[in-house]
Each structure stands twice: as C-alpha cells, then as structure tokens.
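**Q** Counted from 1, the sequence shown has number 115 at position 115 by my numbering; the numbering is strictly sequential.
Every residue gets a Cβ at the ideal spot worked out from N, C-alpha and C, and that includes glycine.
Before we start, here is the structure in question, set down as structure tokens.
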Amino acid sequence: MAAPTIRSLRSPLGRVRGMGSAKGGTHHWWMQRVTSMALLPLTIWLVFALARMPDASWLEVTIWIGRPFNAVLLLSFLAAAFHHMAGGLQEVIEDYVRGDLAKVGSLMALKAACFLLWLSATLAVLRIAV
Numbered sequence: 001m002a003a004p005t006i007r008s009l010r011s012p013l014g015r016v017r018g019m020g021s022a023k024g025g026t027h028h029w030w031m032q033r034v035t036s037m038a039l040l041p042l043t044i045w046l047v048f049a050l051a052r053m054p055d056a057s058w059l060e061v062t063i064w065i066g067r068p069f070n071a072v073l074l075l076s077f078l079a080a081a082f083h084h085m086a087g088g089l090q091e092v093i094e095d096y097v098r099g100d101l102a103k104v105g106s107l108m109a110l111k112a113a114c115f116l117l118w119l120s121a122t123l124a125v126l127r128i129a130v
C-alpha cells in the first residue's frame with residue numbers, strides 16, 4: 001500500500017484555496033446591476049425628452065440642457081452609462097484577451113478612454129448648464 005501524500009490528506013477546502021480570487025467579482029456584478037437599473041428610467045426619460053423636440057434648434061437644445069432638472073438627469077445618465085460601459089467592456093477584455101501584457105494594456109486603455117469620454121461629455125453639459 002502506498003503511503004498517503006500530503007495532497008491526499010488535505011480537505012476539499014484546502015485543495016481549492018489559493019486557486020483564484022473572487023475579491024472583486026461581487027462588487028463588479030452588483031455595480032452592473034445598479035447601473036443598469038439606473039439606466040432604465042434615465043434612458044426612457046432621455047428618449048422621450050429628445051423625441052418631444054425633433055426639430056429643435058441648437059439654441060432650444062442648449063436652453064433645455066440649461067434647465068437644472070434636465071442637466072442633473074443628463075449628468076446622471078452620463079455617469080451611469082459610462083460606468084456601465086466600462087464594467088461590461090472590462091468583463092469582455094478579462095474573459096477574451098489572452099496574455100497578461102495585452103490584458104493589462106487593454107484595461108488601462110479602456111479605463112482611460114471611458115474616463116476621458118465621460119469627462120468631456122460632463123464638462124460639455126456643465127458648460128452649457130452653468
């Protein structure tokens with residue numbers, strides 16, 4: 001009879017410890033749900049608001065954005081949309097990009113692009129609204 005090895009004496013929990021991390025998975029999952037739930041009413045509001053002014057001039061649109069209620073909802077939409085987009089694309093990159101260097105580079109480029117796009121859109125709304 002063969003002598004038992006240390007590996008065979010370990011419990012199932014001991015065998016799976018250290019095989020991977022689930023530290024941020026729950027947070028990412030919740031943030032995707034929270035942003036999608038926020039985007040539902042915000043998207044409906046934005047679609048109906050824009051549909052009500054199909055022939056609006058540039059001045060009418062800037063006046064519309066300048067109203068505090070519309071500006072706050074538009075900024076909320078931008079924040080939720082860009083956060084949701086970044087989280088979803090991050091998941092795609094983590095799942096399908098091979099190689100650590102390519103994955104890290106892609107994630108850094110994604111985060112930078114999403115942040116810069118959000119910042120420019122937010123500054124545009126604030127410049128009109130304030």
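1) Do L123 and L110 have their CB atoms nearer than 8 Å?
2) On the three-state DSSP scale, how would you describe R52?
3) By a C-beta neighbour count over all protein chains shown, 10 Å radius and 16 as the cutoff for buried, is L101 buried or exposed?
4) Per DSSP, what kind of secondary structure is R17 in: helix, strand or coil?
5) So is V47 buried or exposed if we call it buried at 16+ other beta carbons inside 10 Å?
6) Nearest CA to the CA of L75: which residue from W45, G99, R10?
7) As an exercise, report each continuous alpha helix (DSSP H) stretch of at least 4 residues that is fully enclosed by the region 50–105, in chain order.
8) Enumerate in chain order the residues of its own chain whose CB-to-CB distance from A80 is below 8 Å, with the five nearest sequence positions on each side excluded.
9) Helix, strand or coil: how does DSSP classify R10 here?
10) Find out if the Cβ-Cβ distance for the pair I65, A129 is shorter than 8 Å.
11) Could you tell me if A51 is buried or exposed, where buried requires 16 or more neighbouring beta carbons within 10 angstroms of its beta carbon?
**A** So, from the listed chains and residues:
1) Position 123 of the sequence shown, counted from the first residue, corresponds to residue 123. Position 110 of the sequence shown, counted from the first residue, corresponds to residue 110. Between L123 and L110, the CB-CB gap reaches or exceeds 8 Å.
2) For the purposes of this step, residue 52 is taken as residue 52 along the sequence shown, with counting starting at 1. Coil at R52, not helix or strand.
3) Mapped onto the sequence shown, residue 101 falls at position 101. L101 is exposed by the Cβ-count criterion.
4) By 1-based counting over the sequence shown, the position of residue 17 is 17. In the three-state DSSP reduction, R17 falls in the coil class, being neither helix nor strand.
5) Locating residue 47 in the sequence shown gives position 47, where the first residue counts as 1. Under this definition V47 is an exposed residue.
6) In the sequence shown, residue 75 corresponds to position 75, counting from 1. Residue W45 is the option with its Cα nearest to L75.
7) The region 50–105 contains these whole alpha helix (DSSP H) runs: 58–66, 68–96.
8) Counting from 1 along the sequence shown, the entry for residue 80 is found at position 80. So the list reads T35, A38, L39, L42, once near-sequence residues are dropped.
9) The residue you call residue 10 lines up with position 10 of the sequence shown. Correct three-state label for R10: coil.
10) Position 65 of the sequence shown, counted from the start, is the residue given in the question as residue 65. Position 129 of the sequence shown, counted from the start, is the residue given in the question as residue 129. Yes; because the gap between Cβ atoms is below 8 Å, this pair is in contact.
11) Against the sequence shown, residue 51 aligns to sequence position 51. Label assigned to A51: exposed.
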